[in-house]
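> First, the structure itself, so that you have it in front of you.
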Amino acid sequence: MTQAHKRPCHPRVNLLMNGLIYGLIVFYILIRAVLAVGQEGGTPQADRPPEPGVVALPDVKPEDFLQMKGLVRPVVVVREAGAPNLPQPALERSEGAEKGNLAEKPPDTQPQDYYFDVEAVKMKKAKKWLEFHGFVSMTDPLHGRDDPTQRKNVNFIDQTWITFWLGAHIYKTLSFTGEVDIENSFEVEADKGHFDWNVWGDRVSLRAGKFVYPFGIERLAYSAPFNKLVDRPSPSVRIIPGTYSDVGLQLYGTLRPPHVHSLKYELAVTNGLDNFNKEGKQEDLQDNNSNKQLGGRLALAPLSWIEIGGSYLTGKYDRHNRHGLYLAGADLRLQRGGLELRGEYVTGRVEAVGGDFSRHGYYLQTSYHHPLEWNYLHYIEGVIRYDSVNPRDDKLDGLHADRLAFGLNFSPRQHIDIKLEYEKNLQSRGGEDNVFIQAIFRW
Amino acid sequence: MTHPLQRRLRILTLISLLFLVSSPSPLWAYGYEQNEDPILKVFKAVIYYGKASDWGRVQKEVDSVADRFEDVRKLFGTDLKPKVDESIRDKDLQGVAKLMANMVFLAIREKHYWNNQERLAVYIRSKVRLRLAEEYYATLLAGNVTEYDRRHGTNLHGRITKCFHDAHFSLGSVGFFGAGSVEPSPEEFKHLAKDIETALLEAFPYFDPGSQEALPPQG
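Respectively, the protein sequence lines represent chains B and F. Note that the working numbering gives residue 1175 to position 136 of the first sequence, counting from 1, and the numbers run on in steps of one. Note that the working numbering gives residue 236 to position 126 of the second sequence, counting from 1, and the numbers run on in steps of one.
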């Protein structure tokens, strides 16, 4: 997830990595084959078996239904005075039916035929027991380079990113999600690996394992197919833990109180960081101290298209449990049709040996997604983002950055996205403007 | 000199691309999640809130797709919205559900109509319309059609499903940037769409099907 330093590979690591990659390829082939057979073998849609006894019919005759609410059989269309005189529809037999392959004698109607069984509507999408997704993104900085703390080099191949995502519905209320990233010349990192248990529908769920820390909203859109620009907002990259994965437990759910659309909560207890810097996340199951990091997010959606959230995090990061890291964040997201507006503000206090300091940053991004549905241009999207970050307010070390970015995205074909970004560095000293192009292939 | 790992990465990227090109185009993929169509969302919400007797919310949901009611009224001359409003006032879930199902049928007809009008000229557009029509059917109407089949010993669901399946082939294909493209068959699509609509009217004898042909544009 974060852009790590380039390191030489140890032969064993190399071997392990190759095994993993080729194993994943074989696994992918098998899964695609199984899914392809599954798709050919039957029609998943509407194969709901009839449920005897579900329909509770009132004791009425067809004639009664004809009089209800002006609903009548199509052969006897009744219209109000003044309505256009429309031709009377009639059931027609198709050519295929006439040939006999679909021939059916129109049956006599029954009272039940005038009853709509609401229980027979599929209220939820059928879940597949195993899903396998992923993407390959290739980025090329056409001009300049991004912030050196975000991108260590501009080698084309080092900007290639491959993600494999696996989701398994183990049981009705139990699922597993795993995600492996291959980045920066074959550095393999497991970003996610967690079990989710729906204790009480979507109201109360429990998550255990390695997951993206529930702070802010950038974590929901950090990866290339979701991110509307090529690079990420600077506060999410340079203020730990803007977006990072940690090992622990999480309690989350969505409540639907009256008069509002929803209320979401996420609470997490994790191992925490071992450093206040960007590289502060710990190796998978390691923990450098006995302190546990606590945090989470609470979000209120008064309407379906607007969500306001607040996040908080606290924990000790050093070996002796002396120095704390405290962060608070506020976020906003509005979405109406193709228009989206999102913004976040993060502020925090870090206790350090050399003296405590504060850090803060924010970004505001707006985008408009216009579906075209042309043969070689499925959609076009324009994006503008302004971000500002100051990781340490006690030092004038040039880490403060203000940037303005413009993006243009389009899709020439299903599963393929192309992104262009121009980023203006507004800092008075240092930094240059950047131009990026990114191609994403997702499945 | 190229690092061996980088060579492997290129090979891996190439393999991934080949998979993508040969992919059977699943509806889902890693990326932006497709927003559920308003008709699907509202129909489900109407049932959910109707069962809970939250009629204010039912009215609000129905009002949110007033433009869709208006679209089909202009096209087929059937104005269902006042009847839905009346059923909501009467707190009659069965009446609302039947009218909403009728609305879904007309929405399917609308998709077919525009595909026929354009004679499947723009592949992606035709495909999206057909996918939506199929989703409307599979999610909202198929359960009741299956029950109808069970009562009458017919196979309308199988017939409709086969028509949708065949209709996908009638759209043709744009191939990969033109290579391997297949011309669409508008006549075959028209025929299959008609068969779907006829079968639905058989399963739902209380549906108002609207005019046989679309009405001229109103000012």
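Here a beta-carbon is modelled for each residue, glycine too, at the ideal position from N, C-alpha and C.
(1) Does DSSP classify L240(F) as helix, strand or coil?
(2) Tell me the DSSP bridge mates of R260(F)?
(3) Going along the stretch 1380 to 1402 of chain B in order, which residues come within less than 8 Å of chain F, judged by CB to CB distance?
(4) What first and last residue would you give for the alpha helix (DSSP H) that runs through L185(F)?
(5) Residues in the stretch 1158 to 1174 of chain B with C-beta within 7 Å of chain F's C-beta atoms, listed in sequence order?
(6) Residues in the same chain with beta-carbon distance under 8 Å from L1411(B), minus the five sequence neighbours each way, listed in chain order, please.
(7) Step through the CB atoms of chain F and report whether any lies within less than 7 Å of the CB of E1228(B).
(8) Give the DSSP-derived three-state secondary structure of Q1325(B) in the structure shown.
(9) By DSSP's criteria, N1237(B) is part of a beta bridge. Which residues make up the other side?
(10) Flag F1155(B) as yes if its beta-carbon sits less than 7 Å from any beta-carbon of chain F, otherwise no.
(11) For H1417(B), go through chain F and note every residue whose CB falls closer than 7 Å to its CB, in chain order.
(12) Tell me the DSSP secondary structure of A231(F) in three-state form.
(13) Nearest chain B C-beta to N225(F) closer than 7 Å, yes or no?
(14) Terminal residues of the continuous beta strand (DSSP E) containing I1278(B)?
(15) Excluding the five sequence neighbours on either side, which residues of its own chain have a C-beta within less than 6 Å of the C-beta of L1213(B), listed in chain order?
(16) Measure how close the beta-carbons of N226(F) and L240(F) come, nearest whole angstrom, since I'm counting them as under 8 Å.
(17) Closer than 7 Å by beta-carbon distance: list the chain F residues that pair up with N1414(B), in chain order.
(18) Expressed to the nearest angstrom, what Euclidean distance is found between the alpha-carbon atoms of I1423(B) and W1413(B)?
(19) Which partner residues of L1447(B) appear in the DSSP bridge assignment?
(20) Would you mind sorting I1209(B) into buried or exposed? The rule is 16 or more other CB atoms within 10 Å of its CB.
(21) Which ranges does the beta strand (DSSP E) cover as unbroken runs of at least 3 residues, wholly within the stretch 1385 to 1409 of chain B, from first to last along the chain?
(22) Name, going along the chain, the residues of the stretch 1296 to 1316 of chain B whose beta-carbon falls closer than 8 Å to a beta-carbon of chain F.
(23) Are there 16 or more other CB atoms within 10 angstroms of the CB of E180(F), so buried, or fewer, so exposed?
(24) Helix, strand or coil: how does DSSP classify P1296(B) here?
(25) Does the distance from the C-beta atom of V1238(B) to that of A207(F) stay below 7 Å?
(26) So which residues of chain F does T1405(B) contact, with C-beta pairs closer than 8 Å?
(27) What is the C-beta distance between F1171(B) and A1263(B), in whole angstroms, given that I count them as a contact (C-beta under 8 Å)?
(28) Where does V1308(B) fall in DSSP's three states?
(29) At 8 Å on the CB atoms, spell out the chain B contacts of K201(F), in chain order.
(30) Does Y316(F) have its Cβ less than 7 Å from a Cβ in chain B?
Reading it off the structure:
(1) helix
(2) None; R260(F) has no bridge partner.
(3) Look at the stretch 1380 to 1402 of chain B: it has no residue with a C-beta under 8 Å from a C-beta of chain F.
(4) A176 to F186
(5) In summary, the residues of the stretch 1158 to 1174 of chain B whose CB is separated from some CB of chain F by less than 7 Å are A1159, V1160, K1161, M1162, H1172, G1173 and F1174, in the order they occur in the chain.
(6) H1417, Y1418 and I1419
(7) no
(8) coil
(9) S1244(B)
(10) yes
(11) Among the residues of chain F, those whose CB is under 7 Å from the CB of H1417(B) are I234, following chain order.
(12) Residue state, collapsed to three classes: coil.
(13) Not one chain B Cβ lies under 7 Å of N225(F).
(14) For I1278(B), no beta strand (DSSP E) run applies, since DSSP gives it neither H nor E.
(15) Cβ neighbours of L1213(B) within its own chain (closer than 6 Å, five residues either side excluded): W1236.
(16) Not really, about 12 Å apart at Cβ, beyond 8 Å.
(17) V232, Y233, I234 and V284
(18) 24 Å
(19) G1421(B) and L1459(B), per the DSSP bridge assignment.
(20) Taking all protein chains in view, the Cβ of I1209(B) is surrounded by fewer than 16 other Cβ atoms within 10 Å, so the residue is classified as exposed.
(21) Residue ranges of uninterrupted beta strand (DSSP E) with 3 or more members are absent from the stretch 1385 to 1409 of chain B; none lies entirely inside it.
(22) none
(23) exposed
(24) coil
(25) no
(26) Neighbours of T1405(B) across chain F, judged by C-beta separation under 8 Å, do not exist; the nearest C-beta is about 16 Å away.
(27) With 8 Å as the limit, F1171(B) and A1263(B) do not qualify as a contact, their Cβ atoms being about 18 Å apart.
(28) When DSSP states are grouped into helix, strand and coil, V1308(B) belongs to the strand group.
(29) The premise fails here: K201(F) is roughly 12 Å from chain B at the closest Cβ pair, so nothing lies under 8 Å.
(30) yes
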